[in-house]
Amino acid sequence: MSHSAIRARELGDLLRSRRERLQPADVGLPAGTRRRTRGLRREEVAQLAAISSTYYTYLEQGREVRPSRQVLDALSAALRLDAAERSHLHELVHGAPPTGTPAVVESLSPGVVSLVDRLDPCPAYVTGRCWDVLASNRAARALWTDWPARPPEARNMLWWMFTDPEARKIMVDWPGEASALLGRFRTAAARHPGDPGFGTLLDRLHAASPEVRDWWPQHKVAPLGSGTKRLYHPALGEFEVRHVVLQVADATEQKLVTFTASDQDQARISELLR
């Protein structure tokens with residue numbers, strides 16, 4: 001057996017083993033009925049990676065095809081590979097790990113976390129460079145979603161906006177809010193062309209959201225900025241909040257977003273937290 005054939009077989013074994021260790025809930029998919037396959041189905045992995053089911057099947061079968069680095073990154077995201085597994089995946093196909101900047105694990109300073117908590121009952125949260133929600137106070141969790149309770153890969157504002165049905169109820173002007181958020185994400189991604197975090201999230205969004213697939217080719221960009229939003233809450237009804245976006249000086253890609261409502265609505269939010 002040739003060296004390339006051995007590598008192709010090892011690639012197929014790696015993909016299959018990582019597919020079988022995942023459950024639909026791990027990647028935000030419904031369990032469904034009559035599931036006979038252990039772990040995810042091949043077509044589910046292909047959907048998450050935005051490639052054809054036939055092509056993915058060829059990879060698992062160990063056929064001598066040579067996927068691009070972009071496809072490997074998409075598969076790494078779909079299969080929730082860690083940094084070492086991702087590097088090994090690239091080595092099997094291209095003989096060397098990808099160049100470019102490795103994924104960065106973001107953290108907040110204790111002072112910023114404390115500030116977010118002290119802002120209650122005014123909603124506040126902090127997002128990172130790819131809009132991962134790094135901190136949120138009780139008011140923000142009550143009005144949007146309980147970020148810490150979500151799986152780590154789902155603690156992201158774009159992922160919530162485009163894949164959680166509740167987002168379409170909470171954001172009264174969902175199309176406008178979602179489109180603007182995607183435009184801000186594109187603007188940030190342009191500043192980090194070698195950051196795999198942006199590409200990985202975008203691949204996941206393309207696989208999960210028809211709106212992202214439709215809107216991304218339009219190349220809309222949007223800056224960060226303050227403004228107003230209309231929210232809906234089952235106990236509060238529809239109301240308006242004003243928001244301000246502040247960048248953290250020691251980590252400028254981290255954004256502190258604070259919200260204020262009218263005195264009457266703010267009092268109602270306070271009651272909600274008791």
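In full-length UniProt numbering, the protein residues as written are 1 to 274. Where a beta carbon is used, it is the ideal one built from N, C-alpha and C, also for glycine. Quick caveat: nothing in here was measured; it's all calculated off a predicted structure.
### Message
Measuring only the C-alpha atoms, how far is residue 72 from residue 122?
### Response
42 Å
### Query
How big is the Cα-Cα spacing for residue 49 and residue 203?
6 Å
### Query
Within 10 angstroms of its Cβ, does residue 109 collect 16 or more other Cβ (buried), or is it exposed?
exposed
#### Entry: For residue 253, the three-state DSSP class (helix, strand or coil)
strand
### Task
Pick helix, strand or coil for residue 206, following the three-state DSSP scheme.
Three-state DSSP puts residue 206 in a helix.
### Query
How is the beta strand (DSSP E) around residue 124 delimited, first residue to last?
124-127
### Query
How would you call residue 93, buried or exposed, if buried means at least 16 neighbouring beta carbons within 10 angstroms?
buried
### Query
How about residue 228 and residue 243: do their beta carbons lie closer than 9 Å?
yes
### Residue from 173, 182, 266, 224 with nearest C-alpha to residue 253
224
### Query
Which full runs of the alpha helix (DSSP H) of 4+ residues lie inside the stretch 173-233, going along the chain?
174-191, 196-208, 210-215
### Message
What does the alpha-carbon distance come out to for the pair residue 90 and residue 170?
### Response
41 Å
### Task
Specify, as a first and last residue, the run of the alpha helix (DSSP H) that residue 53 falls within.
53-60
### Query
In this structure, what does DSSP give as the bridge partners for residue 238?
In the DSSP output, where bridge partners are listed per residue, residue 238 has 232.
### Task
Flag residue 189 as yes if its beta-carbon sits less than 9 Å from any beta-carbon of chain D, otherwise no.
Although the question refers to chain D, the structure presented lacks it and comprises just one protein chain.
### Query
How would you call residue 15, buried or exposed, if buried means at least 16 neighbouring beta carbons within 10 angstroms?
Around the beta-carbon of residue 15, 16 or more other beta-carbon atoms lie within 10 Å, marking it buried.
### Message
Is the separation between the beta-carbon of residue 63 and that of residue 76 shorter than 9 Å?
### Response
no
### Query
Out of curiosity, what's the CA-to-CA distance linking residue 101 and residue 79?
For residue 101, the predicted model reports a pLDDT of 47, less than 50, meaning its position is unreliable; a value from the coordinates is still stated below. Taking the straight line joining both Cα atoms gives about 20 Å.
### Message
Pull the bridge partners of residue 243 from the DSSP assignment, please.
### Response
Answer is 227, 259, bridged to residue 243.
### Message
Pull the bridge partners of residue 93 from the DSSP assignment, please.
### Response
Partner(s): none; residue 93 has no beta bridge.
### Query
Which parts of the stretch 127-166 are runs of the beta strand (DSSP E), unbroken and 3 residues or longer, counting only runs that do not cross its ends?
133-136
### Task
Using a threshold of 9 Å, state whether the C-beta atoms of residue 115 and residue 139 are closer than that.
no
### Cutoff 6 Å; reference residue 7; Cβ partners in own chain excluding five residues on either side
92
### Query
In terms of residue numbering, what span does the alpha helix (DSSP H) encompassing residue 78 cover?
69-78
### For residue 44 and residue 12, believed in contact at Cβ under 8 Å, the rounded distance
Actually they are not in contact, since the Cβ atoms of residue 12 and residue 44 sit about 17 Å apart, beyond 8 Å.
### Query
From residue 36 to residue 190, what distance separates their C-alpha atoms?
Cα-Cα distance, rounded: 42 Å.
### Task
Under the assumption that residue 230 contacts residue 172 (Cβ atoms under 8 Å), give the Cβ distance between them as a whole number of angstroms.
4 Å
### Message
According to DSSP, is residue 6 part of a helix, a strand, or is it coil?
### Response
Helix, per DSSP.
### Query
Would the beta-carbon of residue 107 fall within 9 Å of that of residue 134?
yes
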